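Presented below is the structure to which this report refers.
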C-alpha cells in the first residue's frame, strides 16, 4: 500500500505538509499529557526534540492513542490471536480491546476530539477532508513504525500482530479516502517485498 502511495505524485503532494514548525512535541500521545483537573492545567511531557516537524505528525500520534487504541495495546488491555494458512499465503489477526467501560470512554474521547482538532485548523483555512486524510495517514505511519519494537514471540497477549493489523487497516482507509482501488496494491506486492532487502542500509537523517 505504501508503494502505491509513493508512486503517485498527486497523492504525495496531498500528504506532504504545507510547512513545518519547531513548536512540535514529537511524541504527543495520551500517556505524555499530565492533567490537573482541579486547576484546569495540563503539561506535555517527554517531547522527542525534533528540530522541526509537521503538525500532522503530532495530530496523527495523538489519534493513534484516542482513535485506534495504541495505549490499550501497550498496556495489554486486549486479547489477540493470529493464524497462517497451510500454504503460507494468507494470515488472520483477531483482537479485541478490554474492558468494555474503558473502550466506551475512548470512544467518547474520540468523538470529542473531532471538534477540538478540526475547529482551529478549519479557522485557518484547512479543508476538513484534507485534515482527516493527513491525520489518518500519519496515524497509520505511527502504527507501522511502532510494530517492529513490539515483536516478541513470548508476549501474552500478542502486541505486534494487532499493531500491524491496525496499521494496515488505517492505510487501507487512506487509500479509500484518496479514491484508490485496493486491488492496485496487490500488483505491487512482489516489488514491495523485494524492496525490503534494501531497507535499513541507508543512514537515516533529517531532510533539509
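Numbering (the working numbering), first residue to last: 6 to 213. Yeah, the Cβ is synthetic: ideal placement off N, Cα and C, and Gly gets one too. Just so we're clear, the structure is a prediction, and the values are computed from it rather than from any experiment.
Cβ-Cβ distance between residue i and residue j below 8 angstroms
i           : j           : result
residue 49  : residue 35  : no
residue 69  : residue 148 : yes
residue 117 : residue 182 : no
residue 27  : residue 52  : no
residue 30  : residue 76  : no
residue 79  : residue 167 : no
residue 160 : residue 100 : no
residue 162 : residue 81  : yes
residue 157 : residue 65  : no
Spatial neighbours of residue i in its chain, beta-carbon cut-off 7 angstroms, leaving aside the 5 residues before and after
i           : result
residue 199 : none
residue 185 : 9
residue 145 : 172, 175, 176, 179
residue 139 : 20, 61
residue 1   : What the structure shows of the chain is the stretch from 6 to 213, and residue 1 is not part of that stretch, so it cannot be assessed.
residue 213 : Only weak support is given to the placement of residue 213: the predicted model assigns it a pLDDT of 46, under 50, and the value that follows is read from those uncertain coordinates. Nothing listed; no residue qualifies.
residue 155 : 164, 165, 168
Three-state secondary structure assigned by DSSP to residue i
i           : result
residue 88  : strand
residue 47  : strand
residue 99  : strand
residue 129 : coil
residue 213 : Annotation note: pLDDT 46 at residue 213 (below 50); position unreliable, coordinate value reported separately. Coil at residue 213, not helix or strand.
residue 155 : helix
residue 83  : strand
residue 26  : strand
residue 192 : coil
residue 117 : helix
residue 147 : helix
residue 141 : helix
Extent of the continuous beta strand (DSSP E) run through residue i
i          : result
residue 41 : 38-41
Alpha carbon of residue i to alpha carbon of residue j, nearest angstrom
i           : j           : result
residue 85  : residue 201 : 26 angstroms
residue 60  : residue 122 : 11 angstroms
residue 96  : residue 109 : 29 angstroms
residue 7   : residue 187 : 11 angstroms
residue 114 : residue 150 : 24 angstroms
residue 136 : residue 111 : 21 angstroms
residue 195 : residue 165 : 23 angstroms
residue 134 : residue 73  : 19 angstroms
residue 18  : residue 106 : 40 angstroms
residue 25  : residue 39  : 25 angstroms
residue 15  : residue 204 : 25 angstroms
residue 46  : residue 22  : 30 angstroms
residue 192 : residue 87  : 25 angstroms
N- and C-terminal bounds of the alpha helix (DSSP H) containing residue i
i           : result
residue 201 : Unbroken run through residue 201: none, as it is neither H nor E.
residue 16  : 14-20
residue 172 : 165-182
residue 1   : Since the displayed the chain opens at 6 and closes at 213, residue 1 lies outside it and no answer follows.
residue 9   : 7-11
residue 67  : 60-71
Contact test: residue i Cβ vs the ligand PLP heavy atom, cutoff 7 angstroms
i          : result
residue 10 : No copy of the ligand PLP appears in this structure; indeed no ligand is present at all.
Chain-order list of residues whose beta-carbon lies under 6 angstroms from that of residue i (same chain, five-residue window excluded)
i           : result
residue 89  : 96
residue 104 : none
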